[in-house]
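*Asks:*
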Amino acid sequence: MDSAHSHAHAHGHGHGPVPPVSRHLRKVITAILVPFVAAVVAGLVVLWPGGVPAHDRTGVGFDQQTQSGRVVKTEDVKCSDVNAEPGAAPGTETAPSPGPSAAPSSGPAICQRATIEVTSGKDRGRTFTEIVQPTQTRHYTQNQKVLLAYAPQAPRELQYSVTDVDRAFPLWLLAGIFAAVVVLVGRLRGVLALVALVISFAVLTLFILPAILHGSNPLLVAVIGGSAIMLIALYMCHGLNARTSVAVLGTLCSLLLIGVLGSVFIDWAVLSGNTSDETGLIHALYPDIEIRGLLLAGIIIGSLGVLDDVTVTQTSAVWELREADPGASRRRLYSAAMRIGRDHIASVVNTLVLAYAGAALPLLLLFSIAQRGVLAVAGSELVAEEIVRTLVGSIGLVVAVPLTTALAVLVVSADRGGGDTVPGGTGRGHRRRAK
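For the sequence shown, the working numbering assigns the number 1 to the initial residue and increments by one for each residue that follows.
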(Lines of atoms letter the chains of each structure in order from A and count residues from 1; the text may use other names and numbers.)
(Lines give C-alpha, C1' and ligand atoms only; values in the text may rest on other atoms or scores of the structure.)
Protein backbone atom coordinates (compact mmCIF):
# COMPACT_ATOMS: atom_id res chain seq x y z
CA MET A 1 0.00 0.00 0.00
CA ASP A 2 1.38 3.39 -0.96
CA SER A 3 2.21 5.22 2.30
CA ALA A 4 1.63 8.71 0.95
CA HIS A 5 -1.86 7.72 -0.19
CA SER A 6 -2.48 6.05 3.17
CA HIS A 7 -1.43 9.21 4.99
CA ALA A 8 -3.86 11.33 3.01
CA HIS A 9 -6.61 8.73 3.45
CA ALA A 10 -5.95 8.56 7.18
CA HIS A 11 -6.35 12.29 7.56
CA GLY A 12 -9.57 12.24 5.62
CA HIS A 13 -11.23 9.58 7.82
CA GLY A 14 -14.58 11.08 6.97
CA HIS A 15 -15.80 8.42 4.53
CA GLY A 16 -18.99 7.31 6.28
CA PRO A 17 -19.50 6.43 9.94
CA VAL A 18 -16.73 5.01 12.06
CA PRO A 19 -17.08 1.21 12.33
CA PRO A 20 -18.58 0.33 15.73
CA VAL A 21 -16.87 -1.80 18.31
CA SER A 22 -18.33 -4.36 20.65
CA ARG A 23 -20.06 -3.46 23.88
CA HIS A 24 -17.26 -5.09 25.90
CA LEU A 25 -14.57 -2.89 24.32
CA ARG A 26 -16.69 0.21 24.74
CA LYS A 27 -16.91 -0.61 28.46
CA VAL A 28 -13.13 -1.08 28.72
CA ILE A 29 -12.38 2.22 26.94
CA THR A 30 -15.02 4.02 29.02
CA ALA A 31 -13.57 2.61 32.24
CA ILE A 32 -10.20 4.12 31.31
CA LEU A 33 -11.35 7.48 29.96
CA VAL A 34 -14.14 8.40 32.41
CA PRO A 35 -11.78 8.69 35.45
CA PHE A 36 -9.34 10.67 33.30
CA VAL A 37 -12.06 13.09 32.15
CA ALA A 38 -13.33 13.40 35.73
CA ALA A 39 -9.82 14.22 36.95
CA VAL A 40 -9.43 16.91 34.25
CA VAL A 41 -12.80 18.49 35.15
CA ALA A 42 -11.93 18.39 38.88
CA GLY A 43 -8.57 20.01 38.14
CA LEU A 44 -10.25 22.80 36.14
CA VAL A 45 -12.67 23.46 39.00
CA VAL A 46 -10.04 23.41 41.77
CA LEU A 47 -7.43 25.49 39.94
CA TRP A 48 -9.80 27.87 38.13
CA PRO A 49 -8.15 31.27 38.65
CA GLY A 50 -11.03 33.69 38.18
CA GLY A 51 -9.08 36.19 36.07
CA VAL A 52 -5.58 37.63 35.89
CA PRO A 53 -4.34 38.92 39.29
CA ALA A 54 -3.90 42.68 39.46
CA HIS A 55 -0.51 44.31 39.91
CA ASP A 56 1.04 47.77 39.88
CA ARG A 57 2.24 48.57 36.38
CA THR A 58 5.99 49.10 36.05
CA GLY A 59 5.84 50.97 32.75
CA VAL A 60 8.50 48.63 31.35
CA GLY A 61 8.17 46.61 28.13
CA PHE A 62 4.80 44.84 27.82
CA ASP A 63 3.72 46.26 31.18
CA GLN A 64 3.14 49.76 29.81
CA GLN A 65 -0.24 51.42 29.65
CA THR A 66 -1.21 51.76 26.00
CA GLN A 67 -3.52 53.89 23.89
CA SER A 68 -4.31 54.13 20.20
CA GLY A 69 -2.93 56.80 17.92
CA ARG A 70 -2.81 58.00 14.31
CA VAL A 71 -0.14 59.74 12.25
CA VAL A 72 -1.74 63.00 11.07
CA LYS A 73 1.28 64.61 9.42
CA THR A 74 4.83 63.74 8.31
CA GLU A 75 7.56 66.06 7.06
CA ASP A 76 11.26 65.84 6.29
CA VAL A 77 13.53 68.06 8.39
CA LYS A 78 17.25 68.44 8.89
CA CYS A 79 18.35 66.33 11.84
CA SER A 80 20.47 69.22 13.10
CA ASP A 81 17.39 71.47 13.24
CA VAL A 82 15.60 69.10 15.64
CA ASN A 83 18.66 68.27 17.74
CA ALA A 84 18.70 64.63 16.56
CA GLU A 85 22.10 63.19 15.74
CA PRO A 86 22.14 60.28 13.25
CA GLY A 87 23.22 57.10 15.04
CA ALA A 88 21.71 58.01 18.42
CA ALA A 89 19.29 55.65 20.10
CA PRO A 90 15.96 55.45 18.28
CA GLY A 91 13.42 58.00 19.41
CA THR A 92 15.95 60.14 21.34
CA GLU A 93 16.94 63.73 20.80
CA THR A 94 20.34 65.07 21.75
CA ALA A 95 21.85 68.48 22.12
CA PRO A 96 23.94 69.76 19.18
CA SER A 97 27.57 68.71 19.37
CA PRO A 98 29.98 71.61 19.98
CA GLY A 99 32.44 70.05 17.55
CA PRO A 100 32.29 69.80 13.77
CA SER A 101 29.07 68.56 12.23
CA ALA A 102 28.78 64.80 11.96
CA ALA A 103 26.75 65.11 8.75
CA PRO A 104 28.36 63.48 5.70
CA SER A 105 29.95 65.65 3.06
CA SER A 106 27.10 64.89 0.64
CA GLY A 107 24.73 67.05 2.68
CA PRO A 108 22.89 67.33 5.97
CA ALA A 109 21.18 64.24 7.36
CA ILE A 110 17.40 64.27 6.84
CA CYS A 111 15.09 63.09 9.61
CA GLN A 112 11.33 62.55 9.57
CA ARG A 113 9.13 64.51 11.94
CA ALA A 114 5.78 62.82 12.54
CA THR A 115 2.82 64.44 14.24
CA ILE A 116 0.85 61.83 16.19
CA GLU A 117 -2.73 62.22 17.44
CA VAL A 118 -4.00 60.28 20.46
CA THR A 119 -7.26 58.59 19.39
CA SER A 120 -8.33 56.85 22.64
CA GLY A 121 -8.40 57.52 26.37
CA LYS A 122 -8.88 60.72 28.31
CA ASP A 123 -6.38 62.65 26.15
CA ARG A 124 -8.14 61.86 22.87
CA GLY A 125 -7.35 64.54 20.29
CA ARG A 126 -4.03 65.52 21.87
CA THR A 127 -1.03 65.61 19.52
CA PHE A 128 2.73 65.21 19.95
CA THR A 129 5.72 64.82 17.63
CA GLU A 130 8.20 62.01 17.11
CA ILE A 131 11.52 62.32 15.32
CA VAL A 132 12.59 59.39 13.14
CA GLN A 133 16.27 59.25 12.26
CA PRO A 134 17.46 58.03 8.84
CA THR A 135 19.13 54.98 10.46
CA GLN A 136 15.85 53.72 11.98
CA THR A 137 14.05 50.88 10.20
CA ARG A 138 10.52 52.10 10.96
CA HIS A 139 9.20 55.18 9.16
CA TYR A 140 5.68 56.57 9.35
CA THR A 141 3.09 57.32 6.67
CA GLN A 142 0.17 59.72 6.92
CA ASN A 143 -3.03 58.25 8.50
CA GLN A 144 -1.08 55.20 9.71
CA LYS A 145 -2.52 53.72 12.92
CA VAL A 146 -0.05 53.24 15.78
CA LEU A 147 0.04 52.02 19.38
CA LEU A 148 1.16 54.50 22.02
CA ALA A 149 2.87 53.94 25.34
CA TYR A 150 1.39 56.13 28.07
CA ALA A 151 3.42 57.14 31.11
CA PRO A 152 1.11 59.21 33.38
CA GLN A 153 3.90 60.07 35.84
CA ALA A 154 6.17 61.61 33.17
CA PRO A 155 6.23 65.32 32.25
CA ARG A 156 3.32 66.26 29.98
CA GLU A 157 5.42 66.53 26.81
CA LEU A 158 6.93 63.05 27.39
CA GLN A 159 3.80 61.15 28.47
CA TYR A 160 3.14 59.60 25.05
CA SER A 161 5.46 57.79 22.65
CA VAL A 162 4.94 55.40 19.75
CA THR A 163 5.61 51.82 20.82
CA ASP A 164 4.45 49.88 17.76
CA VAL A 165 2.35 49.88 14.61
CA ASP A 166 -1.34 48.92 14.84
CA ARG A 167 -1.56 45.65 12.86
CA ALA A 168 -5.14 44.74 13.80
CA PHE A 169 -6.68 45.04 10.32
CA PRO A 170 -4.22 42.86 8.34
CA LEU A 171 -4.19 40.23 11.12
CA TRP A 172 -8.00 40.06 11.29
CA LEU A 173 -8.16 39.90 7.49
CA LEU A 174 -5.67 37.03 7.44
CA ALA A 175 -7.66 35.23 10.16
CA GLY A 176 -10.82 35.67 8.07
CA ILE A 177 -9.13 34.22 4.97
CA PHE A 178 -7.87 31.29 7.06
CA ALA A 179 -11.36 30.58 8.44
CA ALA A 180 -12.91 30.81 4.97
CA VAL A 181 -10.38 28.38 3.48
CA VAL A 182 -10.85 25.90 6.34
CA VAL A 183 -14.65 25.97 5.99
CA LEU A 184 -14.60 25.77 2.17
CA VAL A 185 -12.27 22.77 2.13
CA GLY A 186 -13.24 21.06 5.39
CA ARG A 187 -16.98 21.86 5.31
CA LEU A 188 -18.62 20.65 8.53
CA ARG A 189 -15.35 19.28 9.90
CA GLY A 190 -13.74 22.61 9.10
CA VAL A 191 -16.42 24.45 11.08
CA LEU A 192 -15.96 22.05 14.01
CA ALA A 193 -12.18 22.52 13.82
CA LEU A 194 -12.60 26.31 14.04
CA VAL A 195 -14.96 25.97 17.02
CA ALA A 196 -12.44 23.66 18.72
CA LEU A 197 -9.69 26.21 17.99
CA VAL A 198 -11.69 28.99 19.64
CA ILE A 199 -12.39 26.79 22.69
CA SER A 200 -8.69 25.84 22.91
CA PHE A 201 -7.72 29.52 22.84
CA ALA A 202 -10.31 30.21 25.54
CA VAL A 203 -8.86 27.47 27.78
CA LEU A 204 -5.40 28.94 27.24
CA THR A 205 -6.37 32.54 28.03
CA LEU A 206 -9.03 31.96 30.69
CA PHE A 207 -7.45 29.06 32.58
CA ILE A 208 -3.82 28.22 31.80
CA LEU A 209 -2.29 31.71 31.76
CA PRO A 210 -4.23 33.21 34.74
CA ALA A 211 -3.75 30.05 36.84
CA ILE A 212 0.03 30.23 36.34
CA LEU A 213 -0.01 33.94 37.24
CA HIS A 214 -1.93 33.09 40.43
CA GLY A 215 0.99 30.88 41.49
CA SER A 216 -0.37 27.42 40.69
CA ASN A 217 2.17 24.80 39.65
CA PRO A 218 2.81 25.48 35.91
CA LEU A 219 3.33 21.79 35.13
CA LEU A 220 0.04 20.76 36.77
CA VAL A 221 -1.81 23.62 35.07
CA ALA A 222 -0.33 22.72 31.68
CA VAL A 223 -1.24 19.03 32.04
CA ILE A 224 -4.84 19.79 33.08
CA GLY A 225 -5.34 22.58 30.55
CA GLY A 226 -3.62 20.65 27.77
CA SER A 227 -5.73 17.57 28.52
CA ALA A 228 -8.91 19.67 28.38
CA ILE A 229 -7.86 21.12 25.02
CA MET A 230 -7.02 17.63 23.73
CA LEU A 231 -10.37 16.13 24.80
CA ILE A 232 -12.42 18.99 23.36
CA ALA A 233 -10.48 19.22 20.07
CA LEU A 234 -10.29 15.50 19.34
CA TYR A 235 -13.85 14.54 20.24
CA MET A 236 -15.37 17.62 18.61
CA CYS A 237 -13.44 17.21 15.35
CA HIS A 238 -13.40 13.41 15.07
CA GLY A 239 -16.49 12.24 16.91
CA LEU A 240 -17.25 10.44 20.16
CA ASN A 241 -16.16 6.92 19.18
CA ALA A 242 -13.61 4.23 19.98
CA ARG A 243 -11.17 5.41 17.31
CA THR A 244 -10.95 8.89 18.79
CA SER A 245 -10.68 7.39 22.28
CA VAL A 246 -7.62 5.39 21.22
CA ALA A 247 -6.05 8.61 19.86
CA VAL A 248 -6.79 10.30 23.20
CA LEU A 249 -5.10 7.47 25.12
CA GLY A 250 -2.05 7.56 22.82
CA THR A 251 -1.76 11.34 23.18
CA LEU A 252 -2.11 11.15 26.96
CA CYS A 253 0.64 8.51 27.32
CA SER A 254 2.97 10.52 25.07
CA LEU A 255 2.31 13.73 27.03
CA LEU A 256 3.19 11.94 30.27
CA LEU A 257 6.46 10.78 28.69
CA ILE A 258 7.24 14.33 27.53
CA GLY A 259 6.51 15.66 31.02
CA VAL A 260 8.84 13.13 32.69
CA LEU A 261 11.67 13.58 30.17
CA GLY A 262 11.32 17.35 30.22
CA SER A 263 11.46 17.50 34.02
CA VAL A 264 14.53 15.22 34.17
CA PHE A 265 16.56 17.05 31.53
CA ILE A 266 15.59 20.57 32.62
CA ASP A 267 16.96 19.71 36.07
CA TRP A 268 19.97 17.80 34.72
CA ALA A 269 20.96 20.58 32.30
CA VAL A 270 20.40 23.18 35.07
CA LEU A 271 18.04 25.27 32.93
CA SER A 272 16.48 28.17 34.82
CA GLY A 273 13.92 29.10 32.15
CA ASN A 274 14.73 32.78 32.76
CA THR A 275 16.49 33.48 29.47
CA SER A 276 14.54 36.41 28.02
CA ASP A 277 13.37 39.90 28.93
CA GLU A 278 9.81 38.60 29.01
CA THR A 279 10.46 35.88 31.61
CA GLY A 280 12.54 38.32 33.64
CA LEU A 281 9.69 40.83 33.68
CA ILE A 282 7.15 38.11 34.59
CA HIS A 283 9.34 37.01 37.49
CA ALA A 284 9.70 40.62 38.67
CA LEU A 285 5.94 41.22 38.57
CA TYR A 286 4.96 37.81 40.01
CA PRO A 287 7.87 36.49 42.12
CA ASP A 288 5.90 33.40 43.17
CA ILE A 289 5.82 32.02 39.63
CA GLU A 290 8.04 28.98 39.13
CA ILE A 291 9.91 29.96 35.96
CA ARG A 292 11.45 26.51 35.49
CA GLY A 293 7.99 24.98 35.66
CA LEU A 294 6.87 27.53 33.08
CA LEU A 295 9.51 26.19 30.68
CA LEU A 296 8.25 22.62 31.15
CA ALA A 297 4.64 23.74 30.70
CA GLY A 298 5.61 25.40 27.43
CA ILE A 299 7.19 22.17 26.18
CA ILE A 300 4.02 20.18 26.96
CA ILE A 301 1.60 22.67 25.37
CA GLY A 302 3.87 23.14 22.35
CA SER A 303 3.98 19.39 21.71
CA LEU A 304 0.24 18.86 22.08
CA GLY A 305 -0.86 20.02 18.63
CA VAL A 306 1.62 17.86 16.73
CA LEU A 307 0.85 14.86 18.95
CA ASP A 308 -2.86 15.13 18.16
CA ASP A 309 -2.06 15.02 14.46
CA VAL A 310 0.15 11.92 14.78
CA THR A 311 -2.17 9.91 17.03
CA VAL A 312 -5.29 10.62 14.97
CA THR A 313 -3.43 9.66 11.78
CA GLN A 314 -2.23 6.35 13.21
CA THR A 315 -5.59 5.28 14.66
CA SER A 316 -7.30 6.20 11.41
CA ALA A 317 -4.72 4.21 9.44
CA VAL A 318 -5.28 1.09 11.55
CA TRP A 319 -9.09 1.33 11.25
CA GLU A 320 -8.94 1.86 7.47
CA LEU A 321 -6.46 -1.00 7.00
CA ARG A 322 -8.67 -3.31 9.08
CA GLU A 323 -11.71 -2.34 7.02
CA ALA A 324 -9.81 -3.01 3.79
CA ASP A 325 -8.58 -6.40 5.02
CA PRO A 326 -10.83 -7.72 7.85
CA GLY A 327 -8.84 -10.98 8.08
CA ALA A 328 -5.42 -9.32 8.61
CA SER A 329 -3.43 -10.50 11.62
CA ARG A 330 -2.26 -8.16 14.37
CA ARG A 331 1.32 -8.32 13.09
CA ARG A 332 0.25 -7.48 9.55
CA LEU A 333 -1.96 -4.60 10.67
CA TYR A 334 0.80 -3.19 12.89
CA SER A 335 3.46 -3.47 10.16
CA ALA A 336 1.28 -1.77 7.55
CA ALA A 337 0.27 1.07 9.89
CA MET A 338 3.88 1.60 11.00
CA ARG A 339 4.98 2.06 7.38
CA ILE A 340 2.59 5.02 7.28
CA GLY A 341 3.80 6.18 10.70
CA ARG A 342 7.47 6.15 9.70
CA ASP A 343 6.76 8.48 6.80
CA HIS A 344 4.86 10.73 9.20
CA ILE A 345 7.73 10.71 11.72
CA ALA A 346 10.28 11.72 9.08
CA SER A 347 8.25 14.72 7.94
CA VAL A 348 6.92 15.92 11.30
CA VAL A 349 10.19 15.72 13.26
CA ASN A 350 11.96 17.68 10.54
CA THR A 351 9.15 20.24 10.62
CA LEU A 352 9.39 20.54 14.41
CA VAL A 353 13.17 21.07 14.41
CA LEU A 354 13.03 23.62 11.59
CA ALA A 355 10.20 25.49 13.31
CA TYR A 356 12.27 25.91 16.48
CA ALA A 357 15.37 26.82 14.44
CA GLY A 358 13.39 29.42 12.51
CA ALA A 359 12.10 30.99 15.73
CA ALA A 360 15.64 31.14 17.14
CA LEU A 361 17.26 32.33 13.88
CA PRO A 362 18.27 35.83 15.12
CA LEU A 363 19.90 34.22 18.16
CA LEU A 364 21.79 31.74 15.97
CA LEU A 365 22.95 34.62 13.76
CA LEU A 366 24.36 36.43 16.79
CA PHE A 367 26.33 33.34 17.81
CA SER A 368 27.57 33.00 14.23
CA ILE A 369 28.77 36.60 14.25
CA ALA A 370 30.59 35.93 17.53
CA GLN A 371 32.39 33.01 15.79
CA ARG A 372 31.79 30.65 18.67
CA GLY A 373 32.09 26.91 18.13
CA VAL A 374 29.08 24.64 17.78
CA LEU A 375 29.62 23.04 21.20
CA ALA A 376 30.01 26.41 22.88
CA VAL A 377 26.82 27.67 21.25
CA ALA A 378 24.87 24.51 22.15
CA GLY A 379 26.06 24.74 25.75
CA SER A 380 24.76 28.26 26.31
CA GLU A 381 21.48 28.32 28.22
CA LEU A 382 19.60 30.16 25.47
CA VAL A 383 20.33 27.46 22.89
CA ALA A 384 20.34 24.52 25.33
CA GLU A 385 16.79 25.44 26.32
CA GLU A 386 15.66 25.21 22.68
CA ILE A 387 17.57 21.93 22.21
CA VAL A 388 15.86 20.34 25.23
CA ARG A 389 12.49 21.70 24.11
CA THR A 390 12.94 20.33 20.57
CA LEU A 391 14.39 16.92 21.43
CA VAL A 392 12.02 16.15 24.31
CA GLY A 393 9.04 17.03 22.13
CA SER A 394 10.43 15.00 19.25
CA ILE A 395 11.02 11.92 21.44
CA GLY A 396 7.41 12.06 22.63
CA LEU A 397 6.29 12.48 19.04
CA VAL A 398 8.27 9.51 17.77
CA VAL A 399 7.18 7.24 20.65
CA ALA A 400 3.54 8.23 20.04
CA VAL A 401 3.58 6.47 16.66
CA PRO A 402 4.29 2.85 17.71
CA LEU A 403 2.42 3.33 21.01
CA THR A 404 -0.80 4.59 19.41
CA THR A 405 -0.52 2.10 16.56
CA ALA A 406 -0.20 -0.80 19.05
CA LEU A 407 -3.21 0.45 21.05
CA ALA A 408 -5.32 0.75 17.91
CA VAL A 409 -4.29 -2.72 16.67
CA LEU A 410 -5.13 -4.26 20.05
CA VAL A 411 -8.57 -2.64 20.01
CA VAL A 412 -9.59 -3.63 16.47
CA SER A 413 -8.06 -7.11 16.80
CA ALA A 414 -9.58 -7.85 20.20
CA ASP A 415 -12.92 -6.82 18.74
CA ARG A 416 -12.85 -9.45 15.99
CA GLY A 417 -16.27 -11.01 15.83
CA GLY A 418 -17.55 -8.37 18.25
CA GLY A 419 -19.74 -6.58 15.76
CA ASP A 420 -17.39 -4.23 13.86
CA THR A 421 -16.61 -6.50 10.87
CA VAL A 422 -17.21 -9.96 9.61
CA PRO A 423 -13.91 -11.77 8.86
CA GLY A 424 -13.70 -12.54 5.21
CA GLY A 425 -16.68 -10.29 4.43
CA THR A 426 -16.84 -7.02 2.56
CA GLY A 427 -16.73 -4.86 5.69
CA ARG A 428 -19.77 -2.89 4.58
CA GLY A 429 -22.60 -4.40 6.55
CA HIS A 430 -21.40 -2.98 9.83
CA ARG A 431 -22.10 0.57 8.72
CA ARG A 432 -25.83 -0.01 9.28
CA ARG A 433 -25.35 -1.11 12.89
CA ALA A 434 -25.49 1.19 15.87
CA LYS A 435 -22.25 2.23 17.53
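Ideal Cβ positions, reconstructed from N, Cα and C, are used throughout, including at glycine.
1) Where do the N-terminal and C-terminal ends of the beta strand (DSSP E) with glycine 69 fall, by residue?
2) Note down the Cα distance separating leucine 366 from serine 120, rounded to an integer number of angstroms.
3) So, using beta-carbon positions, are serine 380 and leucine 352 closer together than 7 Å?
4) Roughly how far, in whole angstroms, is the beta-carbon of leucine 307 from the beta-carbon of alanine 400, given that I think they are within contact range, below 8 Å?
5) Measure the Cβ-Cβ separation of leucine 295 and glycine 226 and say whether it is below 7 Å.
6) Considering only the alpha carbon of each residue, which of Leu148, Thr404, Asp267 lies closest to threonine 313?
7) Looking only at C-alpha atoms, which of Asn83, Cys253, Val409, Leu184 sits nearest to serine 335?
8) Would you say the segment 140-151 touches the segment 160-169, given that touching needs at least three Cβ pairs under 8 Å?
9) For a test of the three-state rule: what should DSSP assign to alanine 434, helix, strand or coil?
10) What does the Cβ neighbour count give for isoleucine 187, buried or exposed, with the cut at 16 atoms within 10 Å?
11) Determine, using beta-carbon pairs with one atom in the segment 114-134 and one in the segment 64-76, whether at least three such pairs fall under 8 Å.
12) Please confirm whether glutamate 385 and leucine 213 have their CB atoms less than 7 Å apart.
13) Go ahead and pull the three-state DSSP assignment for aspartate 164.
14) Note down the Cα distance separating aspartate 309 from threonine 279, rounded to an integer number of angstroms.
15) Which of the three DSSP states is assigned to isoleucine 229 in this structure?
16) Quick one: what does DSSP say isoleucine 291 is sitting in, helix, strand or coil?
17) Phenylalanine 265 lies in the alpha helix (DSSP H); which residues open and close that run?
18) Alpha carbon to alpha carbon, how far is alanine 355 from proline 362? Give it in angstroms, no decimals.
19) Leucine 257 and glycine 396 - do their beta-carbons sit closer together than 7 Å?
20) Whole angstroms is fine: what's the gap from glutamine 65's alpha carbon to aspartate 76's?
21) Indicate whether valine 191 and valine 203 have their beta-carbon atoms separated by less than 7 Å.
22) Would serine 316 pass as a contact of leucine 33 if the rule is Cβ separation under 7 Å?
23) Buried or exposed: where does threonine 311 fall if 16 or more other Cβ atoms within 10 Å of its Cβ makes it buried?
24) Does the Cβ of threonine 459 have 16 or more other Cβ atoms within 10 Å, making it buried, or fewer, making it exposed?
25) Would you say serine 413 and arginine 332 are within 7 Å of each other, going by their C-beta atoms?
26) Taking DSSP's pairing of strands, which residues face glutamine 112 in a bridge?
27) Taking the Cβ atom as the reference point for each residue, do cysteine 237 and alanine 175 lie within a distance shorter than 7 Å?
28) Would you list the one or two residues that DSSP bridges to tyrosine 150?
29) With distance defined between alpha-carbon atoms, name the residue in Asp267, Pro210, Val195 nearest to alanine 233.
30) Report buried or exposed for threonine 129, applying the criterion of at least 16 other Cβ atoms within 10 angstroms of its Cβ.
31) Which first and last residues belong to the alpha helix (DSSP H) in which alanine 384 is found?
32) Determine, using beta carbons only, whether isoleucine 266 and arginine 389 come nearer to each other than 7 Å.
*Replies:* On the basis of the supplied data:
1) For the purposes of this step, residue 69 is identified with residue 69 of the sequence shown, where counting begins at 1. Per DSSP, glycine 69 belongs to the beta strand (DSSP E) from 65-78.
2) As a position in the sequence shown, residue 366 is number 366, starting the count at 1. As a position in the sequence shown, residue 120 is number 120, starting the count at 1. Here the C-alpha atom of leucine 366 lies approximately 39 Å from the C-alpha atom of serine 120.
3) As a working mapping, residue 380 is identified with position 380 in the sequence shown. As a working mapping, residue 352 is identified with position 352 in the sequence shown. Result no, Cβ atoms of serine 380 and leucine 352 do not sit closer than 7 Å.
4) Here residue 307 refers to the residue found at position 307 of the sequence shown. Here residue 400 refers to the residue found at position 400 of the sequence shown. Contact flag correct, Cβ pair sits at about 6 Å.
5) If you number the sequence shown from 1, residue 295 lands on position 295. If you number the sequence shown from 1, residue 226 lands on position 226. For leucine 295 and glycine 226, no; Cβs fall outside 7 Å.
6) As a first step, residue 313 must be located in the sequence shown, where it is residue number 313. Out of Leu148, Thr404, Asp267, Thr404 has the C-alpha closest to the C-alpha of threonine 313.
7) One-based indexing of the sequence shown puts residue 335 at position 335. For serine 335, the closest of Asn83, Cys253, Val409, Leu184 by C-alpha to C-alpha distance is Val409.
8) yes
9) Counting from one through the sequence shown, the residue named residue 434 turns up at place 434. Here alanine 434 scores only 35 on pLDDT, less than 50, and its place in the model is too uncertain to base an answer on.
10) The count along the sequence shown starts at 1 and reaches residue 187 at position 187. The residue asked about is misnamed: residue 187 is arginine in this sequence, not isoleucine. Classification of arginine 187: exposed, given that the 10 Å Cβ count is below 16.
11) yes
12) Working through the sequence shown from its first residue, we reach residue 385 at position 385. Working through the sequence shown from its first residue, we reach residue 213 at position 213. No, the pair does not count as a contact, with Cβ atoms beyond the cut-off.
13) As a working note, residue 164 is residue 164 in the sequence shown. Aspartate 164 falls in the strand class under three-state DSSP.
14) On the sequence shown, position 309 is the one that residue 309 refers to. On the sequence shown, position 279 is the one that residue 279 refers to. Approximately 30 Å, taken between the alpha carbons.
15) As a first step, residue 229 is located in the sequence shown; it is residue number 229 there, counting from the start. Looking at isoleucine 229 - three-state DSSP - the assignment turns out to be helix.
16) As a first step, residue 291 is located in the sequence shown; it is residue number 291 there, counting from the start. In the structure shown, isoleucine 291 sits in a helix (DSSP, three-state: H, G or I).
17) Counted from its first residue, the sequence shown places residue 265 at position 265. That run of the alpha helix (DSSP H) goes 242-268.
18) Within the sequence shown, the letter at position 362 stands for residue 362. Within the sequence shown, the letter at position 355 stands for residue 355. Taking the straight line joining both Cα atoms gives about 13 Å.
19) As a working mapping, residue 396 is identified with position 396 in the sequence shown. As a working mapping, residue 257 is identified with position 257 in the sequence shown. Cβ distance < 7 Å, so glycine 396 and leucine 257 count as in contact.
20) Taking the first residue of the sequence shown as position 1, residue 65 is located at position 65. Taking the first residue of the sequence shown as position 1, residue 76 is located at position 76. C-alpha separation (whole angstroms): 30 Å.
21) As a working mapping, residue 191 is identified with position 191 in the sequence shown. As a working mapping, residue 203 is identified with position 203 in the sequence shown. No, Cβ-Cβ distance for valine 191 and valine 203 is not below 7 Å.
22) Along the sequence shown, read from residue 1 onward, the residue named residue 316 stands at position 316. Along the sequence shown, read from residue 1 onward, the residue named residue 33 stands at position 33. No, the Cβ-Cβ distance between serine 316 and leucine 33 is not below 7 Å.
23) Translated into positions along the sequence shown, residue 311 becomes position 311. That one is buried.
24) Absent from the model: residue 459. The displayed extent of the chain is 1 to 435, so no value can be given.
25) Here residue 413 refers to the residue found at position 413 of the sequence shown. Here residue 332 refers to the residue found at position 332 of the sequence shown. No, the Cβ-Cβ distance between serine 413 and arginine 332 is not below 7 Å.
26) By 1-based counting over the sequence shown, the position of residue 112 is 112. The partner list for glutamine 112 (beta bridge, DSSP) reads Asp76, Val132.
27) The sequence position of residue 237 within the sequence shown is 237, counting from 1. The sequence position of residue 175 within the sequence shown is 175, counting from 1. No, the pair does not count as a contact, with Cβ atoms beyond the cut-off.
28) Position 150 of the sequence shown, counted from the start, is the residue given in the question as residue 150. Tyrosine 150 pairs with Gln65, Tyr160.
29) Reading the sequence shown from its first residue, position 233 is the one you call residue 233. It is Val195.
30) Residue numbering aside, residue 129 sits at position 129 when the sequence shown is read from its first letter. With fewer than 16 Cβ atoms within 10 Å of its Cβ, threonine 129 is classed as exposed.
31) Here residue 384 is taken as the residue at index 384 of the sequence shown, counted from 1. 381-414 is the span of the alpha helix (DSSP H), which, as asked, contains alanine 384.
32) By one-based count along the sequence shown, residue 266 stands at place 266. By one-based count along the sequence shown, residue 389 stands at place 389. No; because the gap between Cβ atoms is not below 7 Å, this pair is not in contact.
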